[in-house]
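Novice:
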Amino acid sequence: MIETGKYLLGAAGASGFGSKSTAEEVTENCDLRSITAVITGATSGIGAETARVLAKRGARLIFPARNVKAAEEAKERIVSEFPETEIVVMKLDLSSIASVRNFVADFESLDLPLNLLINNAGKLAHEHAISEDGIEMTFATNYLGHFLLTNLLLNKMIQTAEETGVQGRIVNVTSGVVRTRLTRDREGLLTDLVFFLASKLVKTVPQAAATTCYVATNPRLVNVSGKYFTDCNETTPSGLGTNSSEATKLWAASEILVTQHSKTSFDPCS
Numbered sequence: 001m002i003e004t005g006k007y008l009l010g011a012a013g014a015s016g017f018g019s020k021s022t023a024e025e026v027t028e029n030c031d032l033r034s035i036t037a038v039i040t041g042a043t044s045g046i047g048a049e050t051a052r053v054l055a056k057r058g059a060r061l062i063f064p065a066r067n068v069k070a071a072e073e074a075k076e077r078i079v080s081e082f083p084e085t086e087i088v089v090m091k092l093d094l095s096s097i098a099s100v101r102n103f104v105a106d107f108e109s110l111d112l113p114l115n116l117l118i119n120n121a122g123k124l125a126h127e128h129a130i131s132e133d134g135i136e137m138t139f140a141t142n143y144l145g146h147f148l149l150t151n152l153l154l155n156k157m158i159q160t161a162e163e164t165g166v167q168g169r170i171v172n173v174t175s176g177v178v179r180t181r182l183t184r185d186r187e188g189l190l191t192d193l194v195f196f197l198a199s200k201l202v203k204t205v206p207q208a209a210a211t212t213c214y215v216a217t218n219p220r221l222v223n224v225s226g227k228y229f230t231d232c233n234e235t236t237p238s239g240l241g242t243n244s245s246e247a248t249k250l251w252a253a254s255e256i257l258v259t260q261h262s263k264t265s266f267d268p269c270s
């Protein structure tokens, strides 16, 4: 009850920020002109606001996107507001293991540094679907693609940190309940009604992007790793989220699933 009250009131926690803080507010004193960030899902919602605010603070941005046209449009919107921003749009379908590998190869060919990886993209599939690799589509897009992407980019991030002396950061995002385009496949009267009734409780997109931007940029979090943040403050995840035995099994299964020549399929609905 106390935590719910803090959320509704927007009370600041130990970080000085809370549920009502925005991405711009939590990055107010940040200078990111030496930072290169890869942001998945940057074409709309939390990812788009994260990208816009990081651009405002001077970061170079990489937009991996399944819909390249949408990514180019997102780039144009940011550049129109911040003309000095450097944004590179690249093709990436997170549901495809081959596409993830191709993206990483293409990115490495650019010979750019990599300081930030923000795993933000998410898909809410309303109908059962299987990826080209035989993986259930939501699991493939939201988790497995990011698992492979992170592992393949890790050496580049380590190299960048060694060369620049600036510690890299990997941020894995979940939106909670936010009015975004995640429900784009099911727009309609019922969806609109639900969000209208919840509008006083759910976060705006700038508020929802605040925790991502705080964790990605705040100097107080140097050497902080493997933690869970809500409303820009460290908090305790669920018991399942901290179950080391389950984590070990998931990691092992994930490595099998992303093996290039694996014929293993995964469909929890079958």
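Heads up: the sequence shown begins at 1 in the UniProt record's numbering, then just goes up one per residue.
Where is the CB? At the ideal position from N, CA and C, for every residue including glycine.
Keep in mind that this is a model prediction, so the values were computed, not measured.
1) Short of 8 Å in beta carbon distance, which residues of its chain neighbour Val219, apart from the five on each side in sequence? Order them along the chain.
2) Classify Ile35 as helix, strand or coil using the three-state DSSP reduction.
3) With distance defined between alpha-carbon atoms, name the residue in Leu144, Met90 and Phe103 nearest to Thr43.
4) Classify Pro64 as buried or exposed, calling it buried when 16 or more other Cβ atoms lie within 10 Å of its own Cβ.
5) In whole angstroms, what is the alpha-carbon distance linking Arg231 and Ala210?
6) Would you mind sorting Arg33 into buried or exposed? The rule is 16 or more other CB atoms within 10 Å of its CB.
7) In terms of residue numbering, what span does the alpha helix (DSSP H) encompassing Val215 cover?
8) Is it buried or exposed for Ile93, if we count other Cβ within 10 angstroms and need 16 for buried?
9) Just confirm the distance between the C-beta atoms of Arg60 and Thr36, as a whole number of angstroms; I'd bet it's less than 8 Å.
10) Helix, strand or coil, according to DSSP, for Val258 in the structure here?
11) Can you give me the C-alpha to C-alpha distance between Val173 and Ile97, rounded to a whole angstrom?
12) From what residue to what residue does the alpha helix (DSSP H) around Thr150 run?
13) Do you know offhand how far Leu250's Cα is from Leu240's?
14) Look at Arg169 and Leu112 and say whether their C-beta atoms are less than 9 Å apart.
15) Quick one: what's got a C-beta closer than 6 Å to Val215's C-beta in the same chain, skipping five residues either side?
16) Bridge partners of Ile130, per DSSP?
17) What are the start and end residues of the alpha helix (DSSP H) that includes Lys56?
18) Write down the C-beta distance between Glu24 and Val53 rounded to the nearest angstrom, noting that I regard them as a contact closer than 8 Å.
19) In three-state DSSP terms, what is Phe17?
20) Quick one: grab the DSSP three-state call for Asn67.
21) Within the same chain, show all residues whose beta-carbon is closer than 7 Å to that of Phe82, passing over the 5 residues directly before and after it, in chain order.
22) Anyone know if the C-beta pair for Val38 and Phe139 falls short of 9 Å?
Specialist: In this structure, then:
1) For the record, residue 219 in the displayed sequence is Pro; it is not Val. So the list is empty, once near-sequence residues are dropped.
2) It is coil, neither helix nor strand.
3) Ranking the options by Cα distance to Thr43, first place goes to Met90.
4) Buried, because 16 or more other Cβ atoms sit within 10 Å of the Cβ of Pro64.
5) The displayed chain sequence assigns Asp, not Arg, to residue 231. If you draw a straight line from the Cα of Asp231 to the Cα of Ala210, it comes to about 7 Å.
6) With fewer than 16 Cβ atoms within 10 Å of its Cβ, Arg33 is classed as exposed.
7) In the DSSP assignment, Val215 falls within the alpha helix (DSSP H) that extends over Val205 to Thr217.
8) It should be pointed out that residue 93 corresponds to Asp in this sequence rather than to Ile. Counting Cβ neighbours within 10 Å, Asp93 comes out buried, since at least 16 surround it.
9) Sure, about 5 Å apart at Cβ, within 8 Å.
10) When secondary structure is reduced to three states using DSSP, Val258 falls in the coil class, being assigned neither helix nor strand.
11) Their Cα atoms are separated by approximately 20 Å.
12) Gly145 to Thr164 is the extent of the alpha helix (DSSP H) around Thr150.
13) In a straight line, the C-alpha of Leu250 is about 12 Å away from that of Leu240.
14) Contact check for Arg169 against Leu112 fails: the beta carbons are separated by 9 Å or more.
15) For Val215, where only same-chain residues beyond five positions count, the Cβ hits under 6 Å are Val171 and Phe229.
16) Glu136, per the DSSP bridge assignment.
17) That run of the alpha helix (DSSP H) goes Gly45 to Lys56.
18) Right, their Cβ atoms sit about 6 Å apart.
19) Shown here, Phe17 sits in coil according to DSSP, grouped into three states, outside any helix or strand.
20) The three-state reading of DSSP puts Asn67 in coil, since its state is none of H, G, I, E or B.
21) Counting only Cβ-Cβ distances below 7 Å, and skipping sequence neighbours, we find Ala55 and Lys56.
22) Contact flag unset, no.
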